[in-house]
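So for the sequence shown, our numbering puts the first residue at 12; every next one is plus one. These notes are about the structure you will find just below.
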Amino acid sequence: MDQQSKMTVDKSSLAHMTSPAKHVLDLLPQAAAATVTERRDEFWGQHANGSLLIIDTPDFILDVEPSSRQIRISRRVAEVVWCATYAYTAVWRLLMQTDRLGSEENTKLEEGTR
Numbered sequence: 012m013d014q015q016s017k018m019t020v021d022k023s024s025l026a027h028m029t030s031p032a033k034h035v036l037d038l039l040p041q042a043a044a045a046t047v048t049e050r051r052d053e054f055w056g057q058h059a060n061g062s063l064l065i066i067d068t069p070d071f072i073l074d075v076e077p078s079s080r081q082i083r084i085s086r087r088v089a090e091v092v093w094c095a096t097y098a099y100t101a102v103w104r105l106l107m108q109t110d111r112l113g114s115e116e117n118t119k120l121e122e123g124t125r
């Protein structure tokens, strides 16, 4: 049995969740460990015998209870992080596009965004 299987993940709220963030929250347990693969064992060692509770609420809930080793995250947190990431990516793409264009094209692009 691997370390990940020792962490309890309650995804029951995803069954009826209508937010597109549902897909982000569904992958959250795997994504946390995959971010820094060389420290995966350390991550699961610290979070073994803990629990992750995903909550379908418009309230911003992100907390950790060290004594019970419970992590709680709400749909709202995932939506805010997802939107911020998308906005950052969209702005980055626009900046990369303007860097590749000549000055004439930059002017047209700037006029098109007004």
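All C-beta atoms in this analysis are idealised placements derived from N, C-alpha and C, irrespective of residue type, glycine included.
Mind checking whether residue 82 and residue 56 have CB atoms under 8 Å apart? No, Cβ-Cβ distance for residue 82 and residue 56 is not below 8 Å.
So which of 37, 47, 18 has the shortest CA-CA distance to residue 67? Closest option to residue 67, Cα to Cα, is 37.
Could you check if residue 75 is buried or exposed, using at least 16 other CB atoms within 10 Å of its CB as the buried criterion? Exposed, because fewer than 16 other Cβ atoms sit within 10 Å of the Cβ of residue 75.
Classification of residue 34 by the beta-carbon crowding that lies within 10 angstroms, buried from 16 upward: Burial call: exposed.
Can you give the Cα-Cα distance for residue 72 and residue 63, rounded to whole angstroms? Rounded to the nearest angstrom, the two C-alpha atoms are 12 Å apart.
Inter-residue Cα distance where the pair is residue 89 and residue 109: Taking the straight line joining both Cα atoms gives about 30 Å.
Check for me: the alpha helix (DSSP H) holding residue 37 runs from which residue to which? Start and end: 32 to 45.
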